[in-house]
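Undergrad:
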Amino acid sequence: MDIVVIDNNNASDVVVLDSSTTEKLVKLLILLSHTKPMVLQLGSSLLIPCFRVEQFAPFLFFPDRPLQSSTGDWASAECPTNGLRSVINQPMSLTADSPVHSSSSDDFAAILDAELDSASDASRDPEEVEEKVEEIDDDGGYNSDNRRIKRRKVEVYEEMVESQSSKSQGEAPQNLGSSPKKNMCTHPGIIGGMCIRCGQTMDDESGVAFGYIHKNLRLGNDEIARLRDKDFKNLLRHKKLYLVLDLDHTLLNSTRFADITIEERYLEGQRDTLPDTLKSSLYRLDLMHMMTKLRPFVNIFLKEASSLFEMYIYTMGERAYALEMAKLLDPGGVYFHSRVIAQGDCTQKHQKGLDIVLGQESAVLILDDTEAVWGKHKENLILMERYHFFASSCRQFGFNCKSLSELRSDESETDGALATVLKILQQIHSLFFDPEHVDNLEHRDVRQVLKSVRKEILKGCKVVFTRVFPTNSQAEHQQIWKMAEQLGATCSTELDSHVTHVVSMDAGTDKSRWAIQEKKFLVHPRWIEASNYLWKKQPEENFPVSQSKE
158 MDIVVIDNNN ASDVVVLDSS TTEKLVKLLI LLSHTKPMVL QLGSSLLIPC
208 FRVEQFAPFL FFPDRPLQSS TGDWASAECP TNGLRSVINQ PMSLTADSPV
258 HSSSSDDFAA ILDAELDSAS DASRDPEEVE EKVEEIDDDG GYNSDNRRIK
308 RRKVEVYEEM VESQSSKSQG EAPQNLGSSP KKNMCTHPGI IGGMCIRCGQ
358 TMDDESGVAF GYIHKNLRLG NDEIARLRDK DFKNLLRHKK LYLVLDLDHT
408 LLNSTRFADI TIEERYLEGQ RDTLPDTLKS SLYRLDLMHM MTKLRPFVNI
458 FLKEASSLFE MYIYTMGERA YALEMAKLLD PGGVYFHSRV IAQGDCTQKH
508 QKGLDIVLGQ ESAVLILDDT EAVWGKHKEN LILMERYHFF ASSCRQFGFN
558 CKSLSELRSD ESETDGALAT VLKILQQIHS LFFDPEHVDN LEHRDVRQVL
608 KSVRKEILKG CKVVFTRVFP TNSQAEHQQI WKMAEQLGAT CSTELDSHVT
658 HVVSMDAGTD KSRWAIQEKK FLVHPRWIEA SNYLWKKQPE ENFPVSQSKE
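Going from the sequence shown to the working numbering is simple: count from 1 and add 157.
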């Protein structure tokens, strides 16, 4: 049986709790014995208005009968019916809408757990409590992470309750010696048109929307900055950074049933008839009329990366699709939790931004196959080679070739894109947390570390381009030129004795012939691209330049 909680001052603020959470709430209300203000936490440091238990209790009821405590002295025998229509028509379910176990979006059930634990520990012998902590430590990293989250919930809860204490402990705050300015609410965020701290009606369009954390949640810039700063410091203590992951063509590839070619029909067969490599990575999603193939090595990649980073999914796809893909990638819900950002969460059309990621930009790395969507954050980006498993994916990007599925092939599990980039992420993480910088971590910038690692790839190379760029275009503004410079190469339009590589699409140009005559490397532009994707200078002989037929 669900329980409904209604704000006495605003009957439209309705929360439906499941039975398990209800039981915890009732226990906590009895335990607090009318003396401690209650809060509803919908995100890290985000509170619905506080109430004393005697104010709160009359508005706790089952939909079909009043709720009473075992002592019968704090629950109203008859429940007011004001706002009951709101309960029926506008339920806001924490079970459906609120994220679970996220450092930036903790749910009400978790805060109840923390409060019950802290209340119970207060009555225990200190040695018993210490033993309990040690037992958790012995269980390994996952439980250790849960302790970090729970500890943060309690710290945030106490901090926010303290800031509200003068307001909740009397009708005349001035008698407590607090100035009106100190007690003035800064309106850190709103849900459904109401300030999450004081309950004042607010403009729904103010602040930045964080719908992926909680439906209708908007946060002010000051609160966003505070949350980022606090979470960043907490993450640094656990030697972690942030990693934002694109879905399509980065971690997986999807196609509609209608787009499957004749040569791909074998994929529609029974699972036991598929090659072994596909049995654990190919998924038929009948309700979505599509098929999804996970990129080789993705499971190991996510497991290893999760120990170094707090990870987000960020896709330009619809939310329903994003959540379905998250289930395939993270069936246990241990990697992403609520941190799944979809197209509807973006603040700019056709653009992705870190403004809706609760992480400091100086500590965020991004994996994506499309550079253009990250216009403001290219310094955070690690560009991924696109994963084209299905034929429809190749056609989408104009490739007139057989897809991996049509060739009945796939990327290498050990030498593919994800295996390669994992090594780079581990290297960047190691450099960021270098013991030499341990006292200055908060001022470190992962973008500078990424830049320094990338510049080592083509360091010492001097490159001249010929027959690569459109006529009359400015060479230094072309993407391949910029990419070569980012990899550490020196780019030029003039030949001299220091040139090491001539990059061309035609072996018949004057500069190409000069390279051959002077025994310089003559390579196709794909040499630069391959070096970029594989994070290593590639063998020049693998990228020959042919004579133009013109």
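No residue lacks a Cβ here, since even glycine has one placed at the ideal position from N, Cα and C.
Given a threshold of 16 other Cβ atoms within 10 Å of its Cβ, counted over all protein chains shown, does Cys503 qualify as buried or as exposed?
TA: For the purposes of this step, residue 503 is identified with residue 346 of the sequence shown, where counting begins at 1. Buried is the call here.
Undergrad: Please go through the same chain and pick out, in chain order, the residues whose beta-carbon is closer than 7 Å to the beta-carbon of Thr418, but skip the five residues on each side of it.
TA: Here residue 418 refers to the residue found at position 261 of the sequence shown. Here the set comprises Ala548, Glu563.
Undergrad: I need the DSSP call for Gln505, collapsed to helix, strand or coil.
TA: On the sequence shown, residue 505 is found 348 positions in, with the first residue counted as 1. Looking at Gln505 - three-state DSSP - the assignment turns out to be strand.
Undergrad: Distance, Cα to Cα, Lys484 vs Ala646?
TA: The residue given as residue 484 occupies position 327 in the sequence shown. The residue given as residue 646 occupies position 489 in the sequence shown. When rounded, the distance between both Cα atoms is 42 Å.
Undergrad: Can you have a look at Thr472 and say buried or exposed, based on whether 16 or more other CB atoms are within 10 angstroms of its CB?
TA: The residue labelled residue 472 in the question sits at position 315 within the sequence shown. Counting Cβ neighbours within 10 Å, Thr472 comes out buried, since at least 16 surround it.
Undergrad: Along the beta strand (DSSP E) that carries Phe622, what are the first and last residues, could you check?
TA: Numbered from its first residue, the sequence shown carries residue 622 at position 465. 619-623 is the span of the beta strand (DSSP E), which, as asked, contains Phe622.
Undergrad: Using 8 Å as the threshold, is the stretch 603-614 in touch with the stretch 651-660, meaning 3 or more CB pairs across them?
TA: Taking 8 Å as the limit for Cβ pairs, the verdict is that the stretch 651-660 does not touch the stretch 603-614.
Undergrad: Relative to the C-alpha of Ile685, which residue among Cys618, Arg624, Asp379 is closest?
TA: Start at 1 with the first residue of the sequence shown, and residue 685 comes out as number 528. Comparing Cα positions, the closest option is Cys618.
Undergrad: Assuming Leu376 and Gly346 make a contact with CB atoms under 8 Å, what is their CB distance in whole Å?
TA: Walking along the sequence shown from the start, residue 376 turns up at place 219. Walking along the sequence shown from the start, residue 346 turns up at place 189. Their Cβ separation, rounded to whole angstroms, is 4 Å, which keeps Leu376 and Gly346 in contact under 8 Å.
Undergrad: Among Glu425, Asp433, Gly426, Val578, which has the Cα closest to the Cα of Ala462?
TA: In the sequence shown, the residue the question calls residue 462 occupies position 305. That would be Val578, whose Cα lies nearest to the Cα of Ala462.
Undergrad: Under a Cβ-count criterion, where at least 16 other Cβ atoms within 10 Å of its own Cβ denotes burial, should Val196 be classed as buried or exposed?
TA: Taking the first residue of the sequence shown as 1, we reach residue 196 at position 39. With a pLDDT of 38 at Val196, under the threshold of 50, the predicted position of this residue should be treated as unreliable, though the coordinate-derived value follows. By the neighbour-count rule (16 or more Cβ atoms within 10 Å), Val196 is buried.
Undergrad: Counting Cβ pairs, one atom from each stretch, are 3 or more of them under 8 Å apart for the stretch 386-399 and the stretch 525-535?
TA: Segments in contact, no.
Undergrad: By DSSP, does Met445 sit in helix, in strand, or in coil?
TA: Within the sequence shown, numbered from 1, the residue matching residue 445 stands at position 288. Met445: helix per DSSP, three-state reduction.
Undergrad: Report back the beta-carbon spacing between Asp710 and Ser411 to the nearest angstrom; my notes put them in contact at under 8 Å.
TA: What the structure shows of the chain is the stretch from 158 to 707, and residue 710 is not part of that stretch, so it cannot be assessed.
Undergrad: Hey, how far is the Cα of Leu486 from the Cα of Gln584?
TA: Here residue 486 is taken as the residue at index 329 of the sequence shown, counted from 1. Here residue 584 is taken as the residue at index 427 of the sequence shown, counted from 1. Approximately 24 Å, taken between the alpha carbons.
Undergrad: Could you check the C-alpha separation between Pro118 and Tyr544 for me, to the nearest Å?
TA: Outside the shown range of the chain (158 to 707) lies residue 118, about which nothing can therefore be said.
Undergrad: Going by other Cβ atoms of all chains shown within 10 Å of its Cβ, with 16 needed for buried, is Pro696 buried or exposed?
TA: In the sequence shown, counting from the first residue as 1, residue 696 sits at position 539. Exposed: under 16 other Cβ atoms inside 10 Å.
Undergrad: Whole angstroms are fine: how far does the CA of Ser464 sit from the CA of Gly665?
TA: The residue you call residue 665 lines up with position 508 of the sequence shown. The residue you call residue 464 lines up with position 307 of the sequence shown. So the alpha carbons of these two residues sit roughly 51 Å apart.
Undergrad: Would DSSP call Ala499 helix, strand or coil?
TA: Translated into positions along the sequence shown, residue 499 becomes position 342. Correct three-state label for Ala499: coil.
Undergrad: Which parts of the stretch 608-675 are runs of the beta strand (DSSP E), unbroken and 3 residues or longer, counting only runs that do not cross its ends?
TA: For the stretch 608-675, whole beta strand (DSSP E) runs of length 3 or above, ordered along the chain, are 619-623, 647-649, 658-661.
Undergrad: Mind checking if Leu679 is an interface residue toward chain C, Cβ cutoff 8 Å exclusive?
TA: Structure shown: chain C not included; a single protein chain is present.
Undergrad: Within a Cβ cutoff of 7 Å, which residues of the same chain sit near Thr623, ignoring the five residues on either side of it in sequence?
TA: Within the sequence shown, residue 623 is the residue found at index 466, counting from 1. Cβ neighbours of Thr623 beyond the five flanking positions: Val659, Ser661, Thr666, Lys668, Ser669.
Undergrad: Going by DSSP, what residue range makes up the alpha helix (DSSP H) through Ile381?
TA: Position 224 of the sequence shown, counted from the first residue, corresponds to residue 381. Where Ile381 is concerned, the enclosing alpha helix (DSSP H) stretches over 378-394.
Undergrad: Do the CB positions of Tyr690 and Glu542 come within less than 8 Å of each other?
TA: As a first step, residue 690 is located in the sequence shown; it is residue number 533 there, counting from the start. As a first step, residue 542 is located in the sequence shown; it is residue number 385 there, counting from the start. Closer than 8 Å, so yes.
Undergrad: Quick check on the DSSP output: the alpha helix (DSSP H) that includes Met482 runs from which residue to which?
TA: Within the sequence shown, the letter at position 325 stands for residue 482. From DSSP, the alpha helix (DSSP H) with Met482 extends over 476-486.
Undergrad: Rounded C-beta distance between Tyr369 and Ala520? I'm assuming under 8 Å.
TA: Here the question's residue 369 lines up with position 212 in the sequence shown. Here the question's residue 520 lines up with position 363 in the sequence shown. 20 Å between Cβ atoms; not a contact.
Undergrad: If you compare alpha carbons, which of Met445, Asp596, Leu439 is closest to Val455?
TA: Residue mapping note: residue 455 aligns to position 298 of the sequence shown, counting from 1. It is Leu439.
Undergrad: Quick one: what does DSSP say Ile370 is sitting in, helix, strand or coil?
TA: Against the sequence shown, residue 370 aligns to sequence position 213. DSSP places Ile370 in coil when its eight states are reduced to three.
Undergrad: Taking Cβ positions, are Phe590 and Val603 nearer each other than 8 Å?
TA: Translated into positions along the sequence shown, residue 590 becomes position 433. Translated into positions along the sequence shown, residue 603 becomes position 446. No, Cβ-Cβ distance for Phe590 and Val603 is not below 8 Å.
Undergrad: In whole angstroms, what separates the C-alpha of Ala366 from that of Gln508?
TA: As a working note, residue 366 is residue 209 in the sequence shown. As a working note, residue 508 is residue 351 in the sequence shown. Distance between the alpha carbons of Ala366 and Gln508 is about 15 Å.
Undergrad: Does DSSP classify Asn126 as helix, strand or coil?
TA: Residue 126 is absent from the structure shown; the chain starts at 158 and stops at 707.
Undergrad: With which residues is Leu538 paired in a DSSP beta bridge?
TA: Position 381 of the sequence shown, counting from 1, holds the residue named residue 538. Ile523, per the DSSP bridge assignment.
Undergrad: From which residue to which residue does the alpha helix (DSSP H) around Tyr690 run?
TA: Sequence index remark: in the sequence shown, residue 690 carries index 533 (1-based). Residues 683-691.
Undergrad: Select from Leu384, Leu480, Pro432 the residue whose C-alpha is nearest the C-alpha of Ser495.
TA: Against the sequence shown, residue 495 aligns to sequence position 338. Closest option to Ser495, Cα to Cα, is Leu480.
Undergrad: What separation, rounded to the nearest whole angstrom, lies between the Cα atoms of Glu633 and Lys639?
TA: Walking along the sequence shown from the start, residue 633 turns up at place 476. Walking along the sequence shown from the start, residue 639 turns up at place 482. About 7 Å.
Undergrad: Whole angstroms are fine: how far does the CA of Ser649 sit from the CA of Ile673?
TA: For the purposes of this step, residue 673 is taken as residue 516 along the sequence shown, with counting starting at 1. For the purposes of this step, residue 649 is taken as residue 492 along the sequence shown, with counting starting at 1. So the two alpha carbons sit approximately 18 Å from each other.
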